[in-house]
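Asks: Following this message is one structure expressed as structure tokens.
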Amino acid sequence: MFILYGIGALLLRLGMAIHAAGMVRSKNSSSILIRSLADICLTTLAFWALGGAILFSSGKILDPHLLFSLNSAFFLVCVTLVASGIVTGIASERSRFLPMCAVSVLLGALLVPIVARWQIGWLMRLGFIDAGRVSMIHLTGGLCGAVGAVMIGPRSGKYNRDGSSNGIPGHSVPLAAIGALLMFVGFIPTILGMAANGPMDLNPAGNVLLAAAAGGAASLLLCHWRYGKADVHLLIVGFLGALVAISAAPNTLNIWAVFIGAVAGLIAPLAALHIDLIWKIDDPTSGIAIHAVSAIWGIIAAGAFTAAPFAARMKQLGIQIMGLLAIAALSIILSGALFFLLKATLGLRAKEADEFDGLDLAEHDIGAYPDFQQTTIKSYHLREA
Amino acid sequence: MFILYGIGALLLRLGMAIHAAGMVRSKNSSSILIRSLADICLTTLAFWALGGAILFSSGKILDPHLLFSLNSAFFLVCVTLVASGIVTGIASERSRFLPMCAVSVLLGALLVPIVARWQIGWLMRLGFIDAGRVSMIHLTGGLCGAVGAVMIGPRSGKYNRDGSSNGIPGHSVPLAAIGALLMFVGFIPTILGMAANGPMDLNPAGNVLLAAAAGGAASLLLCHWRYGKADVHLLIVGFLGALVAISAAPNTLNIWAVFIGAVAGLIAPLAALHIDLIWKIDDPTSGIAIHAVSAIWGIIAAGAFTAAPFAARMKQLGIQIMGLLAIAALSIILSGALFFLLKATLGLRAKEADEFDGLDLAEHDIGAYPDFQQTTIKSYHLREA
Amino acid sequence: MFILYGIGALLLRLGMAIHAAGMVRSKNSSSILIRSLADICLTTLAFWALGGAILFSSGKILDPHLLFSLNSAFFLVCVTLVASGIVTGIASERSRFLPMCAVSVLLGALLVPIVARWQIGWLMRLGFIDAGRVSMIHLTGGLCGAVGAVMIGPRSGKYNRDGSSNGIPGHSVPLAAIGALLMFVGFIPTILGMAANGPMDLNPAGNVLLAAAAGGAASLLLCHWRYGKADVHLLIVGFLGALVAISAAPNTLNIWAVFIGAVAGLIAPLAALHIDLIWKIDDPTSGIAIHAVSAIWGIIAAGAFTAAPFAARMKQLGIQIMGLLAIAALSIILSGALFFLLKATLGLRAKEADEFDGLDLAEHDIGAYPDFQQTTIKSYHLREA
Chain A
2 MFILYGIGAL
12 LLRLGMAIHA
22 AGMVRSKNSS
32 SILIRSLADI
42 CLTTLAFWAL
52 GGAILFSSGK
62 ILDPHLLFSL
72 NSAFFLVCVT
82 LVASGIVTGI
92 ASERSRFLPM
102 CAVSVLLGAL
112 LVPIVARWQI
122 GWLMRLGFID
132 AGRVSMIHLT
142 GGLCGAVGAV
152 MIGPRSGKYN
162 RDGSSNGIPG
172 HSVPLAAIGA
182 LLMFVGFIPT
192 ILGMAANGPM
202 DLNPAGNVLL
212 AAAAGGAASL
222 LLCHWRYGKA
232 DVHLLIVGFL
242 GALVAISAAP
252 NTLNIWAVFI
262 GAVAGLIAPL
272 AALHIDLIWK
282 IDDPTSGIAI
292 HAVSAIWGII
302 AAGAFTAAPF
312 AARMKQLGIQ
322 IMGLLAIAAL
332 SIILSGALFF
342 LLKATLGLRA
352 KEADEFDGLD
362 LAEHDIGAYP
372 DFQQTTIKSY
382 HLREA
Chain B
2 MFILYGIGAL
12 LLRLGMAIHA
22 AGMVRSKNSS
32 SILIRSLADI
42 CLTTLAFWAL
52 GGAILFSSGK
62 ILDPHLLFSL
72 NSAFFLVCVT
82 LVASGIVTGI
92 ASERSRFLPM
102 CAVSVLLGAL
112 LVPIVARWQI
122 GWLMRLGFID
132 AGRVSMIHLT
142 GGLCGAVGAV
152 MIGPRSGKYN
162 RDGSSNGIPG
172 HSVPLAAIGA
182 LLMFVGFIPT
192 ILGMAANGPM
202 DLNPAGNVLL
212 AAAAGGAASL
222 LLCHWRYGKA
232 DVHLLIVGFL
242 GALVAISAAP
252 NTLNIWAVFI
262 GAVAGLIAPL
272 AALHIDLIWK
282 IDDPTSGIAI
292 HAVSAIWGII
302 AAGAFTAAPF
312 AARMKQLGIQ
322 IMGLLAIAAL
332 SIILSGALFF
342 LLKATLGLRA
352 KEADEFDGLD
362 LAEHDIGAYP
372 DFQQTTIKSY
382 HLREA
Chain C
2 MFILYGIGAL
12 LLRLGMAIHA
22 AGMVRSKNSS
32 SILIRSLADI
42 CLTTLAFWAL
52 GGAILFSSGK
62 ILDPHLLFSL
72 NSAFFLVCVT
82 LVASGIVTGI
92 ASERSRFLPM
102 CAVSVLLGAL
112 LVPIVARWQI
122 GWLMRLGFID
132 AGRVSMIHLT
142 GGLCGAVGAV
152 MIGPRSGKYN
162 RDGSSNGIPG
172 HSVPLAAIGA
182 LLMFVGFIPT
192 ILGMAANGPM
202 DLNPAGNVLL
212 AAAAGGAASL
222 LLCHWRYGKA
232 DVHLLIVGFL
242 GALVAISAAP
252 NTLNIWAVFI
262 GAVAGLIAPL
272 AALHIDLIWK
282 IDDPTSGIAI
292 HAVSAIWGII
302 AAGAFTAAPF
312 AARMKQLGIQ
322 IMGLLAIAAL
332 SIILSGALFF
342 LLKATLGLRA
352 KEADEFDGLD
362 LAEHDIGAYP
372 DFQQTTIKSY
382 HLREA
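Residue numbers (the numbering used here), protein chains in the order written: chain A, 2 to 386; chain B, 2 to 386; chain C, 2 to 386.
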């Protein structure tokens with residue numbers, strides 16, 4: 002079954018690539034997919050070369066038997082690809098290609114394996130609840146992406162001098178929505194695979210579906226209340242945020258799954274707006290809100306709604322927050338160190354002219370849609386004079 | 002296994018969304034995907050809140066354990082999403098967003114669960130043959146969509162004063178074809194999951210594949226005979242119609258699967274043309290022909306080709322027709338009542354100006370493809386002066 | 002499980018269709034998908050009608066029980082669809098529709114079943130190593146496509162009088178990359194299904210993933226070394242080539258999987274360039290390099306790196322080469338005979354005017370993207386005056 006769960010996680014990864022491709026401008030749409038391909042290759046090799054040794058504490062790097070011995074090792078590589086895919090999306094449209102390859106290596110070789118090891122080590126002994134390993138996949142990837150977004154800076158033209166934010170629409174809403182739906186389909190086996198070591202007497206699949214539905218419905222209501230219309234991107238953020246949040250506790254009872262999902266469906270879109278408008282962190286795919294913020298909510302909710310007396314729940318909540326802080330600190334420190342190093346050496350950011358031309362042309366010498374006329378030759382590139 | 006079959010049904014649902022997105026004009030292509038997302042959320046919640054209580058006659062609404070207790074409940078929600086997705090496609094390009102949400106609730110809370118309950122109740126006692134539950138998924142969805150299409154009316158510019166019909170091409174044939182192929186892939190596990198309660202000593206997967214192939218080949222011949230060329234949309238209608246038809250009796254012997262599929266591959270495209278040209282019911286995705294018409298043929302064929310003496314087969318045929326009539330009557334009455342109510346209150350139909358601008362802009366304030374030049378600013382919108 | 006592996010193979014087939022659709026010009030993008038649909042139908046029927054009789058030596062054609070009796074028969078049809086899909090891609094953009102239907106029939110009825118039968122017959126007795134049946138799927142399809150590409154000739158405008166080659170970019174890089182990623186996802190269950198009869202004590206899934214990663218990374222390095230940039234098409238060729246190569250021996254030890262994959266990631270892109278620039282065989286999807294060349298490398302590597310003393314390995318290598326030659330000869334002779342016959346009767350090649358207009362319009366009377374302005378009315382069609 003781990004093989005099938007792993008294939009489900011690959012479908013989730015493919016959905017992330019499609020979603021990200023739809024969310025960027027057409028001039029960067031090849032670039033984001035080339036990065037997804039490279040990320041899949043490099044993260045896998047890094048996990049095999051070093052990450053596995055850390056996770057299984059085998060002491061051997063480049064272990065010739067690693068992916069042979071355990072079907073679960075295959076599954077773990079597949080979910081690590083999900084974590085690294087988050088960063089690819091968040092850093093799109095203005096980062097350079099090579100430094101992003103180094104980020105894939107960091108996630109596959111160090112960050113995800115260390116957190117995975119903590120989860121079966123001291124966190125498990127403490128009683129940290131995270132059945133779907135959301136802190137290992139989504140929190141690490143989301144925070145690494147957030148650190149990257151801050152260090153790389155926003156896309157040119159994203160923020161005006163008066164502090165206001167310009168929406169930079171992705172080149173294909175259908176592609177983004179199809180990617181989000183495929184992520185939804187892939188999420189279910191991924192979460193099941195992760196929760197397979199926990200108590201499986203109950204049915205996580207139904208719960209995940211219900212939480213996603215509640216999240217989508219909540220963000221639909223939020224949109225109608227605030228804007229009087231269903232906004233496709235906020236709807237997607239709420240829908241996917243609910244899937245991330247329920248990952249932390251897919252075995253909770255239905256009625257709580259509805260609640261956890263619905264709250265995630267409110268928190269994630271509001272966080273996406275807040276990150277963009279107030280914190281001015283530029284995140285083309287809203288990956289920080291979908292993955293990091295919803296993961297934090299999910300971990301907290303998993304502790305707060307555990308079936309126990311009040312005092313025990315408060316204690317559990319403390320454990321959850323401690324675990325969150327430890328994992329967040331590790332993610333931010335490792336990512337920050339790497340991005341700092343990369344910025345000082347290779348340089349993180351594409352030249353402004355390259356950003357203007359689009360990374361497809363500048364870095365890969367290709368146009369994504371040669372047969373179609375585009376609204377301006379180089380797609381729009383905003384800049385205040 | 003029900004989890005995997007359910008994931009297969011979600012792939013089928015995703016294929017339907019992609020197919021529908023390709024079949025509408027670019028100005029409505031975000032709209033149809035937002036509706037698919039909302040439909041998935043609302044149908045799931047409605048099934049959980051009320052539909053499950055009807056289906057399992059548990060007497061509890063908002064049952065906190067419903068999706069926990071049974072893996073098959075997860076699968077049933079997934080196939081209910083397929084039923085409601087049919088209506089989303091048929092009613093696209095001119096219906097309003099909110100009333101369509103109510104339709105999702107109707108299907109998830111009442112129509113599909115009632116038919117599902119009939120199928121394990123009085124229809125089963127009568128000996129109604131429908132191994133793949135085609136009457137529960139495709140007949141209900143297809144007829145609900147047909148009622149909707151009649152009540153909403155055709156898209157502006159679809160029919161001329163002299164009664165002739167204009168073809169309104171979808172904005173992306175590749176997207177439509179890719180969606181149809183993904184539906185094909187998802188159909189196999191869906192049918193297997195449905196038939197899993199029936200006799201599984203034989204191999205429905207091979208049968209389904211063969212019927213689809215026969216259906217596609219038959220509609221290919223039909224196209225070449227009538228038009229001298231392979232028409233992609235009629236080919237898709239025949240191919241998918243055969244998959245629907247064989248759902249009713251996936252356990253029939255190969256040679257009959259070929260026959261049932263091939264006939265469906267003729268009936269479905271001819272029905273699609275008839276519905277458009279003679280009945281003047283506007284159905285952008287040909288969902289009525291694919292789902293409702295092929296389901297009727299499948300149910301009848303399942304009775305007619307059952308392995309029994311002639312008299313028993315005639316009796317079986319009577320049972321099949323009686324079941325069909327009962328389910329069709331329920332679908333039409335419930336859908337008709339809802340659409341009537343919605344028309345009298347919210348209004349079913351988008352304003353003509355909104356239809357002209359496209360629902361993406363009018364209802365969701367977004368353009369699907371901002372980087373591409375379109376053939377006219379608002380895509381073509383036909384109207385006789 | 003064979004059902005699930007078969008569904009995985011169908012996802013691989015769908016990925017091939019999406020990849021090919023992205024690699025052709027927009028004026029041929031409907032055509033390629035119609036052909037994929039027709040190919041799926043006709044290959045399935047041909048396998049059922051005749052191929053199964055050959056493979057299982059049942060002596061009955063049109064066997065009414067064939068796809069009933071064995072789940073593995075369903076799986077075998079699905080992988081046969083992969084073989085025939087290779088030819089569809091290679092022959093795109095300039096071949097006529099009807100002759101290509103005959104090619105689907107050849108592959109489904111004769112070529113793949115005969116090789117499959119050899120593999121469980123005299124090749125197995127000889128000790129031919131090909132756990133993932135790469136010679137049955139990829140070598141047959143790739144060589145049949147190569148014969149077709151030679152007999153049909155290059156697309157107009159592909160080669161100049163001075164012998165230089167024009168790049169004819171596909172209409173959608175994102176579609177091509179998404180298709181390639183879906184192929185990757187589908188490859189894993191396909192290979193697992195194929196290898197399921199061999200020793201399964203080890204974990205082929207992890208191996209396949211690792212080989213693909215090594216192949217992608219190797220072609221990334223190759224691109225950077227030769228061109229100073231990551232070329233998306235060469236990267237895809239290397240990535241998919243590694244998946245094909247590892248199919249021959251998915252049960253080899255990890256460390257060899259990395260080596261086999263990495264070498265395939267070098268050989269396949271170089272072969273693609275060589276076939277285009279030196280041999281001047283026009284292959285829009287690089288299917289010959291991805292499938293045929295990588296299959297040859299995979300079969301040879303499977304023999305060369307078998308765990309045995311040097312003399313035994315040399316003997317094994319001889320057996321591998323003999324098997325390769327036999328299968329290649331059969332593929333080339335059968336395909337050559339059919340293409341020769343088709344050329345003499347129906348004609349293989351579309352009229353130049355039809356090629357200029359695009360096969361969508363010429364053969365199927367449809368435009369793939371009616372809502373979008375294209376860079377020239379008929380997309381670019383190169384021709385030296």
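Think of the CB as a built atom: it goes at the ideal place given N, C-alpha and C, for glycine as much as any other residue. Only a predicted model underlies this, so the values are computations on that prediction, with no experimental measurement involved.
For the alpha helix (DSSP H) containing serine 105 of chain C, name the first residue and the last one.
Replies: By one-based count along the third sequence, residue 105 of chain C stands at place 104. Counting along the chain, the alpha helix (DSSP H) containing serine 105 of chain C begins and ends at 98-107.
Asks: List the whole-angstrom C-beta distance separating alanine 196 of chain C from glycine 262 of chain C, where the pair is believed to meet the contact cut-off of C-beta under 8 Å.
Replies: Taking the first residue of the third sequence as position 1, residue 196 of chain C is located at position 195. Taking the first residue of the third sequence as position 1, residue 262 of chain C is located at position 261. Wrong, their Cβ atoms sit about 16 Å apart, outside the cutoff.
Asks: Whose C-beta lies closer than 7 Å to the C-beta of asparagine 29 of chain A among residues of the same chain, with five residues either side of it excluded?
Replies: Within the first sequence, residue 29 of chain A is the residue found at index 28, counting from 1. The residues are Ser93, Glu94, Gly359, Leu360, Asp361.
Asks: Here's a check: name, in chain order, each residue in its chain whose Cβ is nearer than 6 Å to the Cβ of serine 105 of chain A, leaving out the five neighbours to either side.
Replies: Translated into the one-based positions of the first sequence, residue 105 of chain A becomes position 104. Around serine 105 of chain A: Asp40, Leu43, Thr44, Ser85.
Asks: Please list the terminal residues of the continuous alpha helix (DSSP H) segment that includes lysine 230 of chain B.
Replies: On the second sequence, position 229 is the one that residue 230 of chain B refers to. Neither: lysine 230 of chain B is in no alpha helix (DSSP H) and is coded neither H nor E.
Asks: Quick check on proline 205 of chain C: buried or exposed, where buried means 16 or more other Cβ atoms within 10 Å of its Cβ?
Replies: One-based indexing of the third sequence puts residue 205 of chain C at position 204. The residue in question, proline 205 of chain C, is buried, as its Cβ has 16 or more Cβ neighbours within 10 Å.
Asks: Provide the residue span of the alpha helix (DSSP H) that contains histidine 365 of chain A, from first to last.
Replies: Taking the first sequence and counting its residues from 1, one reaches residue 365 of chain A at position 364. Segment 360-365, the alpha helix (DSSP H) holding histidine 365 of chain A.
Asks: If you compare alpha carbons, which of C:Ala215, C:Leu349, C:Ile256, C:Ile320 is closest to isoleucine 268 of chain C?
Replies: One-based indexing of the third sequence puts residue 268 of chain C at position 267. Among C:Ala215, C:Leu349, C:Ile256, C:Ile320, the Cα nearest to that of isoleucine 268 of chain C belongs to C:Ala215.
Asks: Closest to leucine 65 of chain C by C-alpha separation, out of B:Trp226, B:Ile91, B:Leu254, would be which residue?
Replies: On the third sequence, residue 65 of chain C is found 64 positions in, with the first residue counted as 1. Per the sequence shown, residue 65 of chain C should be read as proline rather than leucine. Minimum Cα distance to proline 65 of chain C is reached at B:Leu254.
Asks: Grab me the residues of glycine 348 of chain C's own chain with a C-beta within less than 8 Å of its C-beta, minus the 5 sequence neighbours each way, in chain order.
Replies: Against the third sequence, residue 348 of chain C aligns to sequence position 347. The answer, listed in chain order, is Arg97, Pro100.
Asks: Shorter than 9 Å from the beta carbon of threonine 346 of chain B to some beta carbon of chain A?
Replies: Numbered from 1 along the second sequence, position 345 holds the residue referred to as residue 346 of chain B. Taking Cβ atoms only, chain A never reaches closer than 9 Å to threonine 346 of chain B, which makes this a no.
Asks: Rounding to the nearest angstrom, what Cα-Cα distance links leucine 15 of chain B and alanine 293 of chain C in this structure?
Replies: Position 14 of the second sequence, counting from 1, holds the residue named residue 15 of chain B. Position 292 of the third sequence, counting from 1, holds the residue named residue 293 of chain C. For leucine 15 of chain B and alanine 293 of chain C, the distance between alpha carbons rounds to 33 Å.
Asks: With a threshold of 9 Å between beta carbons, is glycine 266 of chain B in contact with chain A?
Replies: As a first step, residue 266 of chain B must be located in the second sequence, where it is residue number 265. So no, glycine 266 of chain B is outside the interface.
Asks: Along the chain, where does the alpha helix (DSSP H) containing tyrosine 160 of chain C start, and where does it finish?
Replies: Here the question's residue 160 of chain C lines up with position 159 in the third sequence. Tyrosine 160 of chain C -> no alpha helix (DSSP H), and no H or E assigned at all.
Asks: Measuring from the CB of leucine 347 of chain A, is there a heavy atom of the ligand SAH at a distance below 8 Å?
Replies: The ligand SAH is not part of the structure shown, which contains no ligands of any sort.
Asks: Rounding to the nearest angstrom, what Cα-Cα distance links alanine 246 of chain A and isoleucine 297 of chain A in this structure?
Replies: Numbered from 1 along the first sequence, position 245 holds the residue referred to as residue 246 of chain A. Numbered from 1 along the first sequence, position 296 holds the residue referred to as residue 297 of chain A. Taking the straight line joining both Cα atoms gives about 8 Å.
Asks: Beta-carbon within less than 6 Å of alanine 22 of chain C's beta-carbon, same chain only, minus the 5 sequence neighbours each way: which residues are those?
Replies: Your numbering for residue 22 of chain C matches position 21 in the third sequence. Taken in chain order, the residues that qualify are Ser30, Ile33, Leu34, Leu176.
Asks: Residues in its own chain within less than 7 Å of leucine 12 of chain A by CB, not counting five upstream and five downstream?
Replies: Sequence index remark: in the first sequence, residue 12 of chain A carries index 11 (1-based). Closer than 7 Å at the Cβ level, and outside the excluded window around leucine 12 of chain A, lie Leu183, Val186, Gly187.
Asks: In terms of alpha-carbon separation, which member of C:Gly90, C:Val113, C:Leu67 lies closest to threonine 81 of chain C?
Replies: Locating residue 81 of chain C in the third sequence gives position 80, counting from the first residue. Here the closest residue by C-alpha is C:Val113.
Asks: Between histidine 20 of chain A and chain B, is the shortest Cβ-Cβ distance under 9 Å, so that the two count as touching?
Replies: Taking the first sequence and counting its residues from 1, one reaches residue 20 of chain A at position 19. Answer no: the Cβ-Cβ gap between histidine 20 of chain A and chain B never drops below 9 Å.
Asks: So which residues on chain C does glutamine 374 of chain B lean against when the C-beta distance must stay under 8 Å?
Replies: Counting from 1 along the second sequence, the entry for residue 374 of chain B is found at position 373. Residues of chain C passing the Cβ test: Phe373, Gln374.
Asks: Could you check where the alpha helix (DSSP H) with lysine 344 of chain A kicks off and where it finishes?
Replies: Looking up residue 344 of chain A in the first sequence gives position 343. Element bounds for lysine 344 of chain A: 311-345.
Asks: Keeping to the same chain, check which residues put their C-beta closer than 7 Å to that of tyrosine 370 of chain B; ignore five residues upstream and five downstream.
Replies: By one-based count along the second sequence, residue 370 of chain B stands at place 369. These residues qualify, in order along the chain: Ser27.
Asks: I'd like to know whether the C-beta of tyrosine 228 of chain B is nearer than 9 Å to at least one C-beta of chain C.
Replies: As a first step, residue 228 of chain B is located in the second sequence; it is residue number 227 there, counting from the start. True, the Cβ-Cβ gap to chain C drops below 9 Å.
Asks: Does any residue of chain B bring its CB to less than 9 Å from the CB of phenylalanine 129 of chain A?
Replies: Within the first sequence, the letter at position 128 stands for residue 129 of chain A. With 9 Å as the cut-off, phenylalanine 129 of chain A does not count as an interface residue toward chain B.
Asks: In or out: methionine 17 of chain C buried (at least 16 other Cβ within 10 Å) or exposed?
Replies: The residue labelled residue 17 of chain C in the question sits at position 16 within the third sequence. Buried, since its Cβ has 16 or more Cβ neighbours within 10 Å.
Asks: Does any C-beta atom of chain A lie closer than 9 Å to the C-beta of leucine 193 of chain C?
Replies: Against the third sequence, residue 193 of chain C aligns to sequence position 192. Leucine 193 of chain C counts as touching chain A.
Asks: Between arginine 134 of chain C and the rest of its own chain, which residues show a CB-CB distance below 8 Å, the 5 nearest in sequence each way excluded?
Replies: Along the third sequence, one-based indexing puts residue 134 of chain C at 133. Take arginine 134 of chain C, set aside five residues on each side of it, and the residues of its chain with a beta-carbon closer than 8 Å to its own are Val80, Ala117, Gln120, Met195, Ser248, in chain order.
Asks: Which of the residues in the region 166-196 of chain C, read from start to end, lie with their CB under 7 Å from any CB of chain A?
Replies: From the region 166-196 of chain C, only Pro170, His172, Ser173, Val174, Pro175, Ala178, Ile179, Leu182, Leu183, Val186, Ile189, Pro190, Leu193 have a Cβ closer than 7 Å to chain A.
Asks: How long is the line joining the alpha carbons of alanine 327 of chain A and phenylalanine 306 of chain A, rounded to whole angstroms?
Replies: As a first step, residue 327 of chain A is located in the first sequence; it is residue number 326 there, counting from the start. As a first step, residue 306 of chain A is located in the first sequence; it is residue number 305 there, counting from the start. Their Cα atoms are separated by approximately 21 Å.
Asks: Would DSSP call alanine 386 of chain B helix, strand or coil?
Replies: On the second sequence, residue 386 of chain B is found 385 positions in, with the first residue counted as 1. In this prediction, alanine 386 of chain B scores a pLDDT of 49, lower than 50, which makes its location untrustworthy; no coordinate-derived value is stated.
Asks: Express the C-alpha separation of leucine 244 of chain B and alanine 178 of chain C in angstroms, rounding to a whole number.
Replies: Position 177 of the third sequence, counted from the start, is the residue given in the question as residue 178 of chain C. Position 243 of the second sequence, counted from the start, is the residue given in the question as residue 244 of chain B. Their Cα atoms are separated by approximately 29 Å.
Asks: Of the choices A:Gly154, A:Gly288, A:Gly7, whose alpha-carbon is the least far from that of glutamate 353 of chain A?
Replies: Within the first sequence, numbered from 1, the residue matching residue 353 of chain A stands at position 352. When A:Gly154, A:Gly288, A:Gly7 are compared, the shortest CA-CA separation from glutamate 353 of chain A is found for A:Gly154.
Asks: Could you work out which residue in A:Phe357, A:Leu331, A:Asp355, A:Ala363 is closest to leucine 111 of chain A when comparing CA atoms only?
Replies: Counting from one through the first sequence, the residue named residue 111 of chain A turns up at place 110. Checking every option, the nearest Cα to that of leucine 111 of chain A belongs to A:Leu331.
Asks: Could you list which residues in chain A have their beta carbon closer than 7 Å to that of isoleucine 256 of chain C, in chain order?
Replies: Mapped onto the third sequence, residue 256 of chain C falls at position 255. What isoleucine 256 of chain C touches in chain A: Pro65.
Asks: The alpha helix (DSSP H) spanning asparagine 29 of chain A covers which residue range?
Replies: Translated into the one-based positions of the first sequence, residue 29 of chain A becomes position 28. Element bounds for asparagine 29 of chain A: n/a, residue is neither H nor E.
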